[in-house]
Amino acid sequence: MSALGGCPLVVDNPRGAAAGRVESEGLWLNPRVNIRPASLKVHRRRNHFDEEVPPRRNMVNSQASGAPPPPPRSCAGCGGKIADRFLLFSMERYWHTRCLKCSCCQAQLGDIGTTCYSKGGMILCRSDYIRLFGHSGACSACGQSIPANEMVMRAQGNVYHLKCFSCATCRHRLMPGDRFHYINGTIFCEHDRPGAALLNSHLPPLQSNSVLTDQKVC
Numbered sequence: 001m002s003a004l005g006g007c008p009l010v011v012d013n014p015r016g017a018a019a020g021r022v023e024s025e026g027l028w029l030n031p032r033v034n035i036r037p038a039s040l041k042v043h044r045r046r047n048h049f050d051e052e053v054p055p056r057r058n059m060v061n062s063q064a065s066g067a068p069p070p071p072p073r074s075c076a077g078c079g080g081k082i083a084d085r086f087l088l089f090s091m092e093r094y095w096h097t098r099c100l101k102c103s104c105c106q107a108q109l110g111d112i113g114t115t116c117y118s119k120g121g122m123i124l125c126r127s128d129y130i131r132l133f134g135h136s137g138a139c140s141a142c143g144q145s146i147p148a149n150e151m152v153m154r155a156q157g158n159v160y161h162l163k164c165f166s167c168a169t170c171r172h173r174l175m176p177g178d179r180f181h182y183i184n185g186t187i188f189c190e191h192d193r194p195g196a197a198l199l200n201s202h203l204p205p206l207q208s209n210s211v212l213t214d215q216k217v218c
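Take the sequence shown: its position 9, counted from the start at 1, is 9 in full-length UniProt numbering, and no numbers get skipped.
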C-alpha cells in the first residue's frame, strides 16, 4: 500500500447478506496526489478458522474437496494468533478487531466508520487524519508541495516546511516551543512583534500567546 494511502473499509455482512463496498471520497494531500483508501474486510471464523463473509461457495468447495482448514492467522498488531469469531483484513494483513486502532484516539477502526488511513507508520481514523494533515500538503509560505515523509510546522491550520517557518522580519527559524505572533497570515518571532502603528482595523487581533508545535506529515 502506498505511504499516502488511506483505507476505505470494505465490510462484509456476517449474516450472509450481499456485501456492499463503501468508498470514501478522495482526500487531497497536494494538488497532484488523490488519496484513496485501501480495503478493510470483516471475516468470520467457523470452527476456529477464518473465512471471509459471506463464504458460502468457498465453504461448499472446501468441504467437498476434503481440504484441511487453514491454520489460524497471526495479528499484525499484537503478533498473537487470532482465535476470535471475527477478524479484520486491511493493508494486506489480518488483525484482531481490538488491535486495529487509530494511533491518535485509540478508537477501534472497525467500529467507528467506513474508512481509515495509513501514513508515516501511523494508522488513523478519518477525523484524526484530517485534523493532523488537512486537505493540503502545500507549504503556506512558499507554496511548494511537502514530501510525505518530511517534518512540518503548523500554525492556525496552515502547514509549513521547517525552513519556511521563520520570522518575516529577522528570518530567524522558529523551533518547537518558541512563542510567535501570527498576523494576517504572517509569522513574527517574539522579539519582532509589530508595533501598534503597523496594526489597523483590517488585521485580526494579535495572537501573542500561541505556542508552536510540530507534527510529522504522515
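By construction, the Cβ of each residue, glycine as well, lies at the ideal position given by its N, Cα and C atoms.
Original post:
CA-CA distance, Lys119 and Ala155?
Top reply: 21 Å
Subject >> Exposure label - Gly110; buried when at least 16 CB within 10 Å >> reply: buried
Original post:
Using the beta-carbon count (16 or more within 10 Å), is Met153 buried or exposed?
Top reply: Buried, because 16 or more other Cβ atoms sit within 10 Å of the Cβ of Met153.
**OP:** Report the option in Tyr117, Asn184, Lys163, Gly185 whose CA atom is closest to the CA atom of Met175.
**Re:** Lys163
Original post:
Hey, Cys142 and Leu124 are a contact pair by Cβ (cut 8 Å); roughly how many whole angstroms apart?
Top reply: Beta-carbon to beta-carbon, Cys142 and Leu124 are separated by about 26 Å, too far to satisfy the 8 Å threshold.
Subject >> Cβ-based burial, Phe165 [other Cβ within 10 Å; buried from 16] >> reply: buried
Original post:
Can the beta-carbon of Arg73 be found closer than 8 Å to that of Ile82?
Top reply: yes
Original post:
For Cys99, is the classification buried or exposed, using 16 other Cβ atoms within 10 angstroms of its Cβ as the cut-off for buried?
Top reply: buried
Original post:
Beta carbon of Ala138, beta carbon of Ser127: below 8 Å?
Top reply: Not in contact: Ala138 and Ser127 (Cβ atoms no closer than 8 Å).
**OP:** Can you tell me which of the three DSSP states Ser140 falls into?
**Re:** coil
**OP:** Return the chain-ordered list of same chain residues with a C-beta closer than 7 Å to the C-beta of Asn158, the five sequence neighbours on each side being excluded.
**Re:** Ser140
Subject >> Boundaries (first-last residue) of the beta strand (DSSP E) holding Ile146 >> reply: Counting along the chain, Ile146 falls outside any beta strand (DSSP E), and DSSP gives it neither H nor E.
Subject >> Between the CA atoms of Ile130 and Ser90 - distance to the nearest angstrom >> reply: 20 Å
**OP:** Grab me the residues of Lys101's own chain with a C-beta within less than 6 Å of its C-beta, minus the 5 sequence neighbours each way, in chain order.
**Re:** Gln108
Original post:
Expressed to the nearest angstrom, what Euclidean distance is found between the alpha-carbon atoms of Phe180 and Pro147?
Top reply: 25 Å
Original post:
Helix, strand or coil for His181 per DSSP?
Top reply: strand
**OP:** Could you have a look at His191 and say whether DSSP puts it in helix, strand or coil?
**Re:** helix
**OP:** Can you give me the Cβ contacts of Tyr160 inside the same chain, cut-off strictly under 7 Å, excluding the 5 residues immediately before and after it?
**Re:** Result list for Tyr160: Cys139, Ser140, Ala141, Val152, Met153, in chain order.
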